[in-house]
Every structure is written in C-alpha cells, then in structure tokens.
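Asker: Please read through the structure below; I'll follow up with questions.
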Ligand code: SF4
C-alpha cells in the first residue's frame, strides 16, 4: 500500500484509446474526457485504489507509473 501510494500516474495520450477501464478501477485517480482521452484527476490518490492494476489492464499500456 505504501509503495503504491508513492507512485505517480500519468497518461500517454498518444496511446490512450479512451476505453475507460482505468476510471472504473480508480475513479478517484483517472477520468476520461469527451474526446476519449484519459487524464489524471489526482496523482496522489493511488492509495484509494489499485493503480498498478489499472496500468496492467490498460489495453494500450498508456498508464505510466513512476
Ligand atoms: Fe486510456 Fe488506458 Fe485508461 Fe483505457 S485504460 S482510458 S486506454 S489510459
């Protein structure tokens, strides 16, 4: 949990296809715009969900965790 919370997510907009999976898993961290691109609402909120899982489930691997 601690490690996960420390990781900062970002989105590679070139790769994102707007599927919404990340926002389903981590609704406090990710949202998708009307243009079908994900964005990070709150990069410090990975302690409220599983950002690792969101990154793994992303079909285009557009979620970067650093
Ligand atoms: Fe974009 Fe990946 Fe999120 Fe889908 S899961 S909206 S492709 S960042």
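Residue numbers (my numbering): 158 to 223. Positions of the beta carbon are idealized from the N, C-alpha and C atoms, including for glycine. Just so you know, these numbers come straight off a predicted model, no measurement behind them.
1. Could you name the residues of the same chain whose beta carbon sits closer than 7 Å to that of residue 172, not counting the 5 residues immediately before and after it, in chain order?
2. Quick one: what's got a C-beta closer than 6 Å to residue 174's C-beta in the same chain, skipping five residues either side?
3. Are the CB atoms of residue 205 and residue 181 nearer to each other than 8 Å?
4. Using beta carbons (cut-off 8 Å, strictly below), is residue 223 in contact with chain C?
5. I need the DSSP call for residue 219, collapsed to helix, strand or coil.
6. List the whole-angstrom C-beta distance separating residue 167 from residue 197, where the pair is believed to meet the contact cut-off of C-beta under 8 Å.
Answerer: Once the coordinates are examined:
1. By one-based count along the chain shown, residue 172 stands at place 15. Once the five neighbours on either side are set aside, the close Cβ partners of residue 172 are 217, 218, 219.
2. Stepping through the chain shown from its first residue, residue 174 is reached at position 17. Cβ within range, chain order: 217.
3. One-based indexing of the chain shown puts residue 205 at position 48. One-based indexing of the chain shown puts residue 181 at position 24. Result no, Cβ atoms of residue 205 and residue 181 do not sit closer than 8 Å.
4. Although the question refers to chain C, the structure presented lacks it and comprises just one protein chain.
5. Locating residue 219 in the chain shown gives position 62, counting from the first residue. Reduced to three states, the DSSP call for residue 219 is coil.
6. For this step, residue 167 is matched to residue 10 along the chain shown. For this step, residue 197 is matched to residue 40 along the chain shown. Rounded, the Cβ-Cβ distance is 6 Å, consistent with contact.
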